[in-house]
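In UniProt numbering, the protein residues as written are 1 to 604.
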């Protein structure tokens with residue numbers, strides 16, 4: 001995204017003349033990106049399933065597979081379609097979150113603009129959440145929709161199952177193309193926009209007299225716009241606060257399901273469901289509430305920055321809830337010795353997957369198919385558990401004759417027909433902190449998102465009216481390049497530092513299979529504390545440096561002496577720059593007055 005910064009800034013600088021036309025084209029690009037993302041499904045050939053069960057123990061054999069075949073290697077080339085599709089998604093969404101927000105702000109009264117933008121961003125939060133849920137349903141459909149998966153012995157619990165991931169992208173592509181049409185038909189401004197511009201100009205951050213009118217598209221005017229925005233201290237610190245919040249939002253949305261899955265011993269699907277149930281009402285409601293609070297109390301910039309500072313400090317306090325940890329689950333050969341069942345003694349002992357009970361199975365570490373034994377211990381795979389046979393009962397896959405599982409099949413098991421010794425999947429463990437943590441995590445989501453609309457409103461208020469879209473473009477770049485892009489990388493690194501078992505591949509280590517709960521909890525808490533504190537401090541600094549124009553002692557160009565101007569710190573040479581750069585003295589945002597009236601301070 002960062003290399004697209006120049007394109008983003010150019011789009012926003014040209015906004016004066018194209019506005020929603022550019023937004024409409026951007027939505028069209030987003031739709032095309034969705035079609036590109038789905039394209040590999042249609043050009044890569046049919047998905048062929050190998051029904052051989054390589055996960056069980058085959059005595060006196062070697063299950064280790066060679067390095068990736070040429071076919072698998074050729075499939076990896078399709079990743080470039082995904083890269084291109086994601087790039088088009090990013091380029092398409094850019095204008096929507098900059099020009100779209102500015103268009104709303106310019107065409108509604110100042111007191112309700114944050115309310116309408118709150119509705120806009122609430123939809124932006126609820127939409128992806130709905131997409132996750134709908135996408136999950138599509139993944140329950142076999143990727144080859146013309147093939148009956150039962151004839152292949154496949155269901156959703158099988159590791160070889162591939163869902164219809166591509167359907168959602170086709171739907172979003174169609175919507176993107178259709179929605180671009182009405183946007184292209186919108187006028188550049190709605191009735192009453194000029195009156196609203198005068199209201200907004202009163203709150204812009206006081207700046208030097210040299211400014212651009214927004215009516216010139218020359219390079220000099222563009223560079224001057226960049227300079228004025230980069231030297232606008234409140235604006236830049238609000239951007240840094242947005243970046244800090246972006247790290248948390250991107251990190252939590254990406255890794256919180258995994259954190260809950262491993263920390264509290266629930267399945268991946270259950271963890272994703274919990275996060276979704278927390279994010280949809282809390283994130284969407286908090287975003288809407290933030291805009292509503294600004295409207296309800298008619299907060300000005302200072303009041304908004306105070307609100308954001310307080311909310312960020314509350315988030316800092318809530319980050320300590322990440323210390324609610326559960327014991328690391330029992331994992332044979334990792335946290336427990338084979339044959340041991342006392343889970344209270346589970347602790348990292350180094351990876352020792354091979355044991356006398358599976359030494360003749362020839363198991364491969366490349367094949368990670370976790371199995372939960374009836375001794376409530378997790379095994380790396382049925383092969384490492386010494387299981388020699390398997391059967392699918394329609395709901396889950398059962399494994400039998402497992403020499404490493406410390407469980408004796410009883411007569412009652414024979415009567416019930418439950419003679420299996422393991423079930424495919426990770427063991428689920430009950431943790432007393434799960435309910436309390438989910439409540440506190442929901443509040444964390446509330447205080448992460450509740451500042452989004454107020455901070456956006458503050459951004460729009462502390463820059464001159466004609467630089468709003470350009471300013472939002474810069475904020476978008478800062479928030480992405482310093483926030484939502486490095487956020488998942490930082491969170492991923494912290495998770496990696498807590499990893500106990502890595503995937504073994506021909507080309508080196510792959511993803512992590514198992515984590516140390518204590519280290520994972522500490523690492524995540526440190527990140528949350530650091531970036532919530534950064535957000536709070538940057539909002540506070542922006543508040544300290546914010547100064548409305550009425551706070552400035554100004555003089556009038558006509559009718560006052562040069563000595564009066566110099567005494568107030570204003571130089572005639574500065575004023576002459578208006579003539580040289582095409583800057584208009586008629587701009588309502590930059591009028592110099594002779595009456596040294598008492599400064600009007602914004603106390604809200």
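Just so it is clear, CB atoms sit at the ideal spot from N, CA and C, and this is done for glycine as well.
Would DSSP call residue i helix, strand or coil?
| i | result |
| --- | --- |
| residue 501 | strand |
| residue 133 | helix |
| residue 420 | coil |
| residue 407 | coil |
| residue 544 | helix |
| residue 512 | strand |
| residue 683 | Summary: the structure shown does not reach residue 683, with the chain confined to residues 1 through 604, and so no result is reported for it. |
| residue 114 | helix |
| residue 220 | helix |
| residue 397 | strand |
| residue 163 | strand |
| residue 389 | strand |
| residue 103 | helix |
| residue 97 | helix |
| residue 78 | helix |
| residue 262 | helix |
| residue 573 | Its pLDDT being 36, under 50, residue 573 is placed unreliably by the model, and nothing is read from it. |
| residue 142 | strand |
| residue 603 | Unreliable positioning characterises residue 603 in this predicted model, as indicated by a pLDDT of 48, which lies under 50. The coordinate reading is nonetheless provided below. Coil. |
| residue 412 | helix |
| residue 245 | helix |
| residue 227 | helix |
| residue 153 | coil |
| residue 425 | coil |
| residue 312 | helix |
Could you check the C-alpha separation between residue i and residue j for me, to the nearest Å?
| i | j | result |
| --- | --- | --- |
| residue 428 | residue 421 | 16 angstroms |
| residue 624 | residue 323 | Summary: the structure shown does not reach residue 624, with the chain confined to residues 1 through 604, and so no result is reported for it. |
| residue 560 | residue 232 | For residue 560, the predicted structure reports a pLDDT of 42, less than 50, and the residue's modelled location is therefore unreliable. The matter cannot be settled from this model. |
| residue 516 | residue 486 | 23 angstroms |
| residue 512 | residue 162 | 21 angstroms |
| residue 519 | residue 319 | 15 angstroms |
| residue 94 | residue 187 | 20 angstroms |
| residue 225 | residue 465 | 12 angstroms |
| residue 171 | residue 341 | 49 angstroms |
| residue 282 | residue 269 | 20 angstroms |
| residue 536 | residue 110 | 25 angstroms |
| residue 143 | residue 391 | 24 angstroms |
| residue 213 | residue 229 | In this prediction, residue 213 scores a pLDDT of 48, lower than 50, which makes its location untrustworthy; the coordinate-derived value is nonetheless stated afterwards. Roughly 14 angstroms separates the two Cα atoms. |
| residue 174 | residue 480 | 27 angstroms |
| residue 289 | residue 370 | 43 angstroms |
| residue 284 | residue 119 | 9 angstroms |
| residue 494 | residue 414 | 47 angstroms |
| residue 154 | residue 105 | 52 angstroms |
| residue 389 | residue 251 | 41 angstroms |
| residue 59 | residue 129 | 47 angstroms |
Going by beta carbon distance, what residues of the same chain come within less than 6 angstroms of residue i, once the five residues before and after it are set aside?
| i | result |
| --- | --- |
| residue 468 | 102 and 460 |
| residue 403 | 357 and 386 |
| residue 308 | 451, 454, 455 and 539 |
| residue 237 | 538, 541 and 542 |
| residue 241 | 535, 538 and 539 |
Within its chain, find whatever has a CB closer than 8 angstroms to the CB of residue i; leave out the 5 residues flanking it on each side and keep chain order.
| i | result |
| --- | --- |
| residue 497 | 519 and 523 |
| residue 396 | 157, 423, 424 and 425 |
| residue 488 | 250, 251, 254 and 255 |
Please determine, among the options, the residue with the shortest C-alpha to C-alpha distance to residue i.
| i | options | result |
| --- | --- | --- |
| residue 527 | 36, 34, 246 and 262 | 246 |
| residue 606 | 136, 126, 250 and 279 | The first residue shown for the chain is 1 and the last is 604, placing residue 606 beyond what the model contains. |
| residue 514 | 499, 473, 483 and 89 | 499 |
| residue 321 | 235, 241, 438 and 265 | 438 |
| residue 126 | 277, 78 and 257 | 277 |
| residue 86 | 169, 521 and 152 | 169 |
| residue 256 | 273, 90, 244 and 504 | 273 |
| residue 45 | 360, 59 and 78 | 78 |
| residue 112 | 435, 430, 297 and 462 | 297 |
| residue 30 | 84, 287 and 471 | 84 |
| residue 148 | 185, 48, 265 and 37 | 48 |
| residue 123 | 501, 96, 457 and 482 | 96 |
Does residue i have its Cβ less than 7 angstroms from a Cβ in chain B?
| i | result |
| --- | --- |
| residue 454 | Note that chain B does not occur in the displayed structure, where there is just one protein chain. |
By Cβ distance below 7 angstroms, which residues in the same chain neighbour residue i in space, the five residues on each side in sequence not counted?
| i | result |
| --- | --- |
| residue 115 | 291, 292 and 295 |
| residue 405 | 373, 374, 375, 385, 421 and 422 |
| residue 28 | 176, 177 and 180 |
| residue 263 | 325, 326, 517, 520 and 521 |
(message) In chain order, what are the residue ranges of uninterrupted beta strand (DSSP E) at least 3 long that sit wholly in the region 318-382?
(response) Contiguous beta strand (DSSP E) elements confined to the region 318-382 occur at 371-373, taking only those with 3 or more residues.
(request) Could you pull out every unbroken alpha helix (DSSP H) segment of at least 4 residues lying fully inside the region 432-502, listed in chain order? (result) As far as the region 432-502 is concerned, its whole alpha helix (DSSP H) runs of at least 4 residues are 434-449, 452-461, 468-479 and 486-497.
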